[in-house]
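In this note's numbering, the protein residues as written are 1039 to 1360. Built from N, CA and C at the ideal position, the CB exists for glycine as well. Note that the structure is a prediction, hence the values are computed from the model and not measured.
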């Protein structure tokens, strides 16, 4: 049992149409699955990823049209990183963000990797991270059907930042229960706050890190548009997932038990600070019900929802995809 890295991150949006435009037109990612939230079929669930929808490259969004603005704070996934191949790519993106008026920071060295922070139209905290010096888990393949040169395209998910009031309990679950190991630490960006702890799993590297930020100066986070709903970690296959189900139960962490999401198999549980984790298998994959060449072009429903297609489509606002 060995978690391979970050599988996907799921967030909230209040506007699927604007969300689609930002992540495909501005960021150049591929819409690999247009489906619905399996627990509430009245809302879209959009998956963006690399050219092949590989695990470790997916950022997903649930559409909640009436979602209020989020409140940044503790006990949350507070930043999501996206990988690019090189430091040169960051220069391209900085210029692109300036041209397109996307709010962004400066290119900065974080733990030996250059990075560029930015936000989407709903204030989602995002960071582009250079893979130039990465020696860990491999990234994916950039989607080339956009105006972004392939050498600069987004190739996957990078480190995920968790912000908590007390880091020790979060670190304990990640290391003692989930098999992460301590890699490094670096100073907080804020005066008087503890160093940020870097944990890694699997082969390590950009796509397999969690950064733990302890803050005593923030309120409790409030979910809303632009906020992260959960972060998922990679499990190799279904057989291993059943082992993880038993393992989590043995550690008395309340969980969902085994869940079949059709495109992958899952397990959900909350760590002591209330952050929702998912474990998700690498397969079967998004080409289970669509050809690789046509991923995301139509509304995809898993077999158990297919009999409700007419009813589901009637509740959804049509979403044009390329």
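Asked: Three-pair Cβ contact test at 8 Å for the segment 1087 to 1100 versus the segment 1041 to 1055; Found: yes
Asked: Unbroken stretches of the beta strand (DSSP E), 3 residues or longer, contained in the segment 1128 to 1213; Found: 1142 to 1148, 1151 to 1157, 1163 to 1168, 1194 to 1202
Asked: Chain-order list of residues whose beta-carbon lies under 8 Å from that of residue 1267 (same chain, five-residue window excluded); Found: 1048, 1049, 1050, 1100, 1261, 1314
Asked: The segment 1081 to 1091 / the segment 1129 to 1149 touching (three or more Cβ pairs under 8 Å); Found: no
Asked: Range of the contiguous beta strand (DSSP E) that encloses residue 1290; Found: Premise fails: residue 1290 is in no beta strand (DSSP E) and is neither H nor E.
Asked: Assigned exposure category for residue 1191 - 16 Cβ within 10 Å defines buried; Found: buried
Asked: Inter-residue spacing [alpha-carbon to alpha-carbon] between residue 1252 and residue 1216; Found: 20 Å
Asked: Residue 1104, DSSP secondary structure in three states; Found: coil
Asked: Of the residues 1213, 1318, 1357, 1340, the one placed nearest residue 1094, counting alpha carbons only; Found: 1318
Asked: Span separating the alpha-carbon of residue 1214 from that of residue 1206; Found: 11 Å
Asked: Given residue 1276 as reference, the closest of 1189, 1254, 1165, 1304 once Cα atoms are compared; Found: 1304
Asked: Proximal residues to residue 1159 (C-beta, below 7 Å), its chain only, five neighbours per side dropped; Found: 1056, 1060
Asked: For residue 1075, the residue or residues it bridges with in DSSP; Found: 1078
Asked: Cutoff 8 Å; reference residue 1297; Cβ partners in own chain excluding five residues on either side; Found: 1303, 1304, 1305, 1306
Asked: Distance between beta carbons of residue 1153 and residue 1168, contact taken as under 8 Å; Found: 7 Å
Asked: Beta-carbon proximity list for residue 1184, same chain, < 6 Å, skipping 5 on both sides; Found: 1066
Asked: Where the beta strand (DSSP E) containing residue 1333 begins and where it ends; Found: Here residue 1333 belongs to no beta strand (DSSP E), and DSSP marks it neither H nor E.
Asked: First and last residue of the uninterrupted beta strand (DSSP E) at residue 1044; Found: 1044 to 1051
Asked: Where residue 1096 sits in the DSSP three-state scheme; Found: strand
Asked: Euclidean distance between Cα positions of residue 1295 and residue 1285; Found: 11 Å
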